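Read left to right, the sequence shown gives residues 1 to 84 (the UniProt record's numbering).
In this text, a Cβ means the ideal position worked out from N, Cα and C, and glycines have one as well.
Every value quoted in this text rests on a predicted model; they were computed, and no experiment measured them.
Please read the structure below before turning to the comments.
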Amino acid sequence: MPVVAIVDAVKIEFYPDEHPPPHFHARYAEFIAQIEIRTGRVLRGSLPPAKLRRVLFWADKHYIGLMNAWTAVEELRKPEKIDD
1 MPVVAIVDAV KIEFYPDEHP PPHFHARYAE FIAQIEIRTG RVLRGSLPPA
51 KLRRVLFWAD KHYIGLMNAW TAVEELRKPE KIDD
(Lines of atoms letter the chains of each structure in order from A and count residues from 1; the text may use other names and numbers.)
(Lines give C-alpha, C1' and ligand atoms only; values in the text may rest on other atoms or scores of the structure.)
Protein backbone atom coordinates (compact mmCIF):
# COMPACT_ATOMS: atom_id res chain seq x y z
CA MET A 1 0.00 0.00 0.00
CA PRO A 2 2.08 2.91 -1.19
CA VAL A 3 1.43 6.07 0.80
CA VAL A 4 1.71 9.06 -1.54
CA ALA A 5 0.87 11.80 0.97
CA ILE A 6 -0.25 12.54 4.51
CA VAL A 7 -2.95 15.19 4.79
CA ASP A 8 -3.82 16.41 8.28
CA ALA A 9 -2.75 13.01 9.71
CA VAL A 10 -4.76 11.12 7.03
CA LYS A 11 -2.67 8.73 4.93
CA ILE A 12 -3.42 8.83 1.20
CA GLU A 13 -2.78 5.35 -0.18
CA PHE A 14 -3.09 3.35 -3.38
CA TYR A 15 -3.55 -0.41 -3.36
CA PRO A 16 -2.16 -2.67 -6.10
CA ASP A 17 -4.58 -4.65 -8.28
CA GLU A 18 -7.39 -2.12 -7.92
CA HIS A 19 -10.39 -1.65 -10.17
CA PRO A 20 -11.85 1.42 -11.90
CA PRO A 21 -12.96 4.09 -11.30
CA PRO A 22 -9.65 5.73 -10.37
CA HIS A 23 -9.65 6.20 -6.61
CA PHE A 24 -7.47 6.41 -3.54
CA HIS A 25 -7.80 5.22 0.03
CA ALA A 26 -7.72 7.71 2.89
CA ARG A 27 -6.81 6.12 6.25
CA TYR A 28 -7.14 7.85 9.61
CA ALA A 29 -7.08 5.85 12.87
CA GLU A 30 -9.82 3.21 12.49
CA PHE A 31 -11.45 5.03 9.55
CA ILE A 32 -10.85 4.20 5.89
CA ALA A 33 -12.58 5.85 2.94
CA GLN A 34 -12.26 4.96 -0.71
CA ILE A 35 -12.56 8.22 -2.69
CA GLU A 36 -13.04 8.63 -6.44
CA ILE A 37 -10.37 10.94 -7.84
CA ARG A 38 -12.45 12.60 -10.57
CA THR A 39 -15.51 13.46 -8.49
CA GLY A 40 -14.38 13.36 -4.85
CA ARG A 41 -17.25 10.99 -4.14
CA VAL A 42 -16.81 8.59 -1.24
CA LEU A 43 -17.24 5.15 -2.81
CA ARG A 44 -16.92 3.15 0.39
CA GLY A 45 -16.17 3.71 4.06
CA SER A 46 -15.95 6.99 5.93
CA LEU A 47 -13.77 9.58 7.63
CA PRO A 48 -14.66 12.05 10.38
CA PRO A 49 -16.34 15.03 8.64
CA ALA A 50 -13.54 17.55 9.30
CA LYS A 51 -10.89 15.11 8.00
CA LEU A 52 -12.99 14.32 4.92
CA ARG A 53 -13.39 18.03 4.09
CA ARG A 54 -9.64 18.54 4.39
CA VAL A 55 -8.82 15.50 2.23
CA LEU A 56 -11.34 16.50 -0.46
CA PHE A 57 -9.96 20.05 -0.57
CA TRP A 58 -6.42 18.65 -0.87
CA ALA A 59 -7.46 16.09 -3.52
CA ASP A 60 -9.04 18.79 -5.67
CA LYS A 61 -5.73 20.71 -5.66
CA HIS A 62 -3.71 17.56 -6.42
CA TYR A 63 -5.89 15.96 -9.10
CA ILE A 64 -3.06 15.48 -11.61
CA GLY A 65 -0.72 13.97 -9.02
CA LEU A 66 -3.43 11.56 -7.88
CA MET A 67 -4.18 10.49 -11.46
CA ASN A 68 -0.46 10.00 -12.09
CA ALA A 69 -0.26 7.83 -8.97
CA TRP A 70 -3.28 5.79 -10.11
CA THR A 71 -1.65 5.24 -13.52
CA ALA A 72 1.64 4.22 -11.93
CA VAL A 73 -0.06 1.62 -9.73
CA GLU A 74 -2.01 0.27 -12.71
CA GLU A 75 1.29 -0.11 -14.57
CA LEU A 76 2.79 -1.90 -11.54
CA ARG A 77 5.14 1.01 -10.80
CA LYS A 78 5.63 2.70 -7.47
CA PRO A 79 3.75 6.02 -7.38
CA GLU A 80 5.66 9.17 -6.54
CA LYS A 81 5.00 11.15 -3.39
CA ILE A 82 2.67 14.11 -3.80
CA ASP A 83 4.07 17.21 -2.12
CA ASP A 84 1.70 19.72 -0.59
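**Bridge-paired residues (DSSP) for Y28** = Taking the sequence shown and counting its residues from 1, one reaches residue 28 at position 28. BP columns for Y28 point to F31.
**Request:** Spell out the partners DSSP gives E13 in its beta bridges.
**Result:** For the purposes of this step, residue 13 is taken as residue 13 along the sequence shown, with counting starting at 1. According to DSSP, E13 bridges with V3 and H25.
**Asked** Do you know whose CA, among Y63, P48 and E30, lies nearest G40's CA?
**Response** As a working mapping, residue 40 is identified with position 40 in the sequence shown. Answer by Cα proximity: Y63.
**Prompt:** To which residues does DSSP link R44 through a beta bridge?
**Reply:** Along the sequence shown, read from residue 1 onward, the residue named residue 44 stands at position 44. In the DSSP output, where bridge partners are listed per residue, R44 has Q34.
**Asked** Straight-line CA distance for A33 to G65?
**Response** Here residue 33 is taken as the residue at index 33 of the sequence shown, counted from 1. Here residue 65 is taken as the residue at index 65 of the sequence shown, counted from 1. If I take the Cα positions, the gap works out to 19 Å.
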